[in-house]
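Asker: Using the numbering used here, the first residue of the sequence shown is number 146, and each one after it goes up by one. One structure coming up, written as C-alpha cells, with questions to follow.
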Amino acid sequence: MQDIILTCEVLTPMFLGGADAREPELRAPSIKGVLRFWWRALHGFDPLLKTKEGSIFGSAGEHAQKSRITLRIEGEDLTPYITKEPLPRHTYQVKGHELNILEYLAYGTYIYNRMQRRNEFYRAYIKPGYSFNLIVKTDNEVDLLEFFLALQYFCWFGSLGAKARNGFGSFKVKNVKGHLPAGEKIDLTSLPGASSLASFKQYTGIPKFSAFSHGARLFRTRQDHSTWDTCLAELGHAYRHARLSLEPPHSYKRRQYIGAPLIVNQKQQSRLARHAKPYFLRVHEWQGRYTGYILYLPSRYCTGLAGEIPGNLNLEKEDAVFSTACQEMNKALGRYLEVID
Numbered sequence: 146m147q148d149i150i151l152t153c154e155v156l157t158p159m160f161l162g163g164a165d166a167r168e169p170e171l172r173a174p175s176i177k178g179v180l181r182f183w184w185r186a187l188h189g190f191d192p193l194l195k196t197k198e199g200s201i202f203g204s205a206g207e208h209a210q211k212s213r214i215t216l217r218i219e220g221e222d223l224t225p226y227i228t229k230e231p232l233p234r235h236t237y238q239v240k241g242h243e244l245n246i247l248e249y250l251a252y253g254t255y256i257y258n259r260m261q262r263r264n265e266f267y268r269a270y271i272k273p274g275y276s277f278n279l280i281v282k283t284d285n286e287v288d289l290l291e292f293f294l295a296l297q298y299f300c301w302f303g304s305l306g307a308k309a310r311n312g313f314g315s316f317k318v319k320n321v322k323g324h325l326p327a328g329e330k331i332d333l334t335s336l337p338g339a340s341s342l343a344s345f346k347q348y349t350g351i352p353k354f355s356a357f358s359h360g361a362r363l364f365r366t367r368q369d370h371s372t373w374d375t376c377l378a379e380l381g382h383a384y385r386h387a388r389l390s391l392e393p394p395h396s397y398k399r400r401q402y403i404g405a406p407l408i409v410n411q412k413q414q415s416r417l418a419r420h421a422k423p424y425f426l427r428v429h430e431w432q433g434r435y436t437g438y439i440l441y442l443p444s445r446y447c448t449g450l451a452g453e454i455p456g457n458l459n460l461e462k463e464d465a466v467f468s469t470a471c472q473e474m475n476k477a478l479g480r481y482l483e484v485i486d
C-alpha cells in the first residue's frame, strides 16, 4: 500500500527527550505511543478494546502481536531549532511578584538560578518552526481506517513531549499525501469543532480512563492571535483562573482533583502521588493566526492506579468528588473561553 505522508510544523516549544535526555529528539515510537493513547480515547466503551488495540499497535505477553502500522520520521536538520532560550513573558501577579504564565504551564522543565534570579531550562527544547514528515505505512486497509481516526484526533487535540497537556508540543499538519480520500485529507489539516464530539453523545456512562463520551467538552479562545505565545498565554490564564476559582486561597481539597501531585511551598497537597489532568490544551494555526483549545475528557478517578491508592480512600466517593470538581472547572472555563460543546 502507498505511504501516507503528513508534513508537519512545530507550533509551540516541544520538550522531547532522546537517547540523551538533555537533547531533544523526534522519534517514531514516541508518536506511536501518543497515537495509541488517542485510539484508546476513541474506544473507551468498546468491549473488544484490548483485542483491537493489540491487532493494530501490537501487544506483549503470551499472545504477543507485532504492530501492523509502521511509522517513520524524516525531518530537516534539528540543530538550528534546539535551544534553551527563555519563553516569551506573559506575566501575572502573585504576592507582589510577576510570574510568567508560560512558565506556569511549563512547570517541571526548568530550575531556578539564584545567581541570575531567573528560571532556566535544564534541558533543551525544539523551537517553533521546525518541519518534519510523519510517514505512515500499513498493508491492511481496515487497520488504516481505524488508525486514521486516531490520527485525526491526535492532529486535532494531541501534542508531543513533556507538558503536552499544557499546550507545549503543539503542531500543525501542512500537507497530506498518499492513499486517503480528499475529504479525509482536509480533516487532518482543519480545526476542531462541535462535530468533533458529536458522534460520542451516545456514550452516557463514565469511562474508566480518559475517553470521549457525552461528558466531553471543548473550549476555544475568544479571539485568535498573531503569535503562538499570546495564544497559549490566553489558554494558560483561563486554565489557572478556572482552577483557582474552585475553592478559597490556601485550600486544596478540590484543586488536587484537577491534577496531581499538587505542590505548594515544596509540600505535596494531594493525596494521590500522581494523576494526569483530564484537560488537554492545544494551539492551532490557520492562515497565519493562532487559536487555542481546551478539551475535557471525563473518566473515573482511581482506575489503573492499583498499589498507589491510599487504603482509606472510598473509590465511589472519590469518583463523585472528581466529577463535581471537573463540572465546576468546566463552568469556570466557560467564563473565560468560548464553549464549543
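We put the CB at the ideal spot given by N, CA and C, even for glycine.
1) Is L336 closer than 8 Å to A361 when the C-beta atoms are compared?
2) Determine the direct distance from the alpha carbon of E230 to that of T236, and round the result to whole angstroms.
3) Taking the alpha-carbon positions, what's the F299 to Y435 distance?
4) I think L377 touches L247, with their Cβ atoms under 8 Å apart; what is that distance to the nearest whole Å?
5) Given E219, which residues of its chain have a CB within under 8 Å of its CB, disregarding the five upstream and five downstream residues?
6) I need the DSSP call for H429, collapsed to helix, strand or coil.
7) Can you tell me whether DSSP reads K353 as helix, strand or coil?
8) Using CA coordinates, which residue listed in I331, K317, P443 is at the minimum distance from T469?
9) With 8 Å set as the bound, which would you pick, yes or no: does the beta-carbon of Q347 sit closer than that to a beta-carbon of chain D?
10) Using C-beta distances below 6 Å, list every residue in its chain close to S390, excluding the 5 sequence neighbours before and after it, in chain order.
11) Please report the straight-line C-alpha distance between L289 and W184, rounded to a whole angstrom.
12) Given G163, which residues of its chain have a CB within under 6 Å of its CB, disregarding the five upstream and five downstream residues?
13) Using only CA atoms, which one of F202, G314, H420, L223 lies nearest to M159?
14) Exposed or buried, what is L380 when buried is set at 16 or more other beta-carbons lying within 10 Å of its beta-carbon?
15) So what does I218 bridge to, in DSSP terms?
16) Do you know how far the Cα of M474 is from the Cα of R445?
17) Taking the runs of the alpha helix (DSSP H) that are 4 residues or longer, which of them lie wholly in the region 224-301?
18) How far does the beta strand (DSSP E) with N320 in it reach, from first residue to last?
19) Could you check if N311 is buried or exposed, using at least 16 other CB atoms within 10 Å of its CB as the buried criterion?
20) On the DSSP bridge assignment, give the partners of V484 in chain order.
21) Just list the residues that DSSP pairs F160 with in beta bridges.
22) So is Y226 buried or exposed if we call it buried at 16+ other beta carbons inside 10 Å?
23) May I have the straight-line CA-CA distance separating R400 from Y257, to the nearest angstrom?
24) Less than 8 Å separating the beta-carbons of G437 and T372?
25) Counting only the same chain and skipping the five closest in sequence on each side, list residues whose C-beta sits under 6 Å from that of R172.
26) In three-state DSSP terms, what is G437?
Answerer: Working from what's here:
1) Translated into the one-based positions of the sequence shown, residue 361 becomes position 216. Translated into the one-based positions of the sequence shown, residue 336 becomes position 191. No, the Cβ-Cβ distance between A361 and L336 is not below 8 Å.
2) In the sequence shown, counting from the first residue as 1, residue 236 sits at position 91. In the sequence shown, counting from the first residue as 1, residue 230 sits at position 85. When the Cα atoms are used, T236 and E230 turn out to be separated by approximately 17 Å.
3) In the sequence shown, the residue the question calls residue 299 occupies position 154. In the sequence shown, the residue the question calls residue 435 occupies position 290. In this model, F299 and Y435 are separated by some 18 Å (Cα to Cα).
4) Walking along the sequence shown from the start, residue 377 turns up at place 232. Walking along the sequence shown from the start, residue 247 turns up at place 102. That belief holds up - the Cβ atoms of L377 and L247 are roughly 6 Å apart, short of 8 Å.
5) As a working note, residue 219 is residue 74 in the sequence shown. Excluding sequence positions up to five before and after E219, its CB lies within less than 8 Å of the CB of F277, N278, I280, all in the same chain and listed in chain order.
6) Here residue 429 is taken as the residue at index 284 of the sequence shown, counted from 1. Strand, per DSSP.
7) The count along the sequence shown starts at 1 and reaches residue 353 at position 208. Of the three classes helix, strand and coil, the one that applies to K353 here is coil, per DSSP.
8) In the sequence shown, residue 469 corresponds to position 324, counting from 1. Relative to T469, the option among I331, K317, P443 whose CA is nearest is P443.
9) Here chain D cannot be found, since the structure has a single protein chain.
10) By 1-based counting over the sequence shown, the position of residue 390 is 245. Short of 6 Å from the beta carbon of S390, and not among the five residues preceding or following it, lie these beta carbons of its own chain, in chain order: A477.
11) Locating residue 289 in the sequence shown gives position 144, counting from the first residue. Locating residue 184 in the sequence shown gives position 39, counting from the first residue. CA-CA distance, L289 to W184, rounds to 12 Å.
12) Locating residue 163 in the sequence shown gives position 18, counting from the first residue. Answer for G163: E170, listed in chain order.
13) The residue labelled residue 159 in the question sits at position 14 within the sequence shown. Considering only F202, G314, H420, L223, the residue with the shortest C-alpha distance to M159 is G314.
14) Residue 380 sits at position 235 when you count from the first residue of the sequence shown. Burial call: buried.
15) Within the sequence shown, residue 218 is the residue found at index 73, counting from 1. DSSP lists L279 as partners of I218.
16) Residue 445 sits at position 300 when you count from the first residue of the sequence shown. Residue 474 sits at position 329 when you count from the first residue of the sequence shown. Going by C-alpha positions, R445 is about 16 Å away from M474.
17) 246-250, all fully within the region 224-301.
18) Stepping through the sequence shown from its first residue, residue 320 is reached at position 175. Where N320 is concerned, the enclosing beta strand (DSSP E) stretches over 316-322.
19) As a working mapping, residue 311 is identified with position 166 in the sequence shown. Result: buried.
20) Numbered from 1 along the sequence shown, position 339 holds the residue referred to as residue 484. Its beta-bridge partners are F364.
21) Taking the first residue of the sequence shown as 1, we reach residue 160 at position 15. According to DSSP, F160 bridges with A307.
22) The residue you call residue 226 lines up with position 81 of the sequence shown. Buried, because 16 or more other Cβ atoms sit within 10 Å of the Cβ of Y226.
23) On the sequence shown, position 255 is the one that residue 400 refers to. On the sequence shown, position 112 is the one that residue 257 refers to. Separation of R400 and Y257 (C-alpha to C-alpha, rounded to the nearest whole angstrom) is 25 Å.
24) For the purposes of this step, residue 437 is identified with residue 292 of the sequence shown, where counting begins at 1. For the purposes of this step, residue 372 is identified with residue 227 of the sequence shown, where counting begins at 1. Contact: no.
25) Taking the first residue of the sequence shown as 1, we reach residue 172 at position 27. Excluding positions up to five away in sequence, the list is empty.
26) In the sequence shown, the residue the question calls residue 437 occupies position 292. The three-state reading of DSSP puts G437 in strand, counting E and B together.
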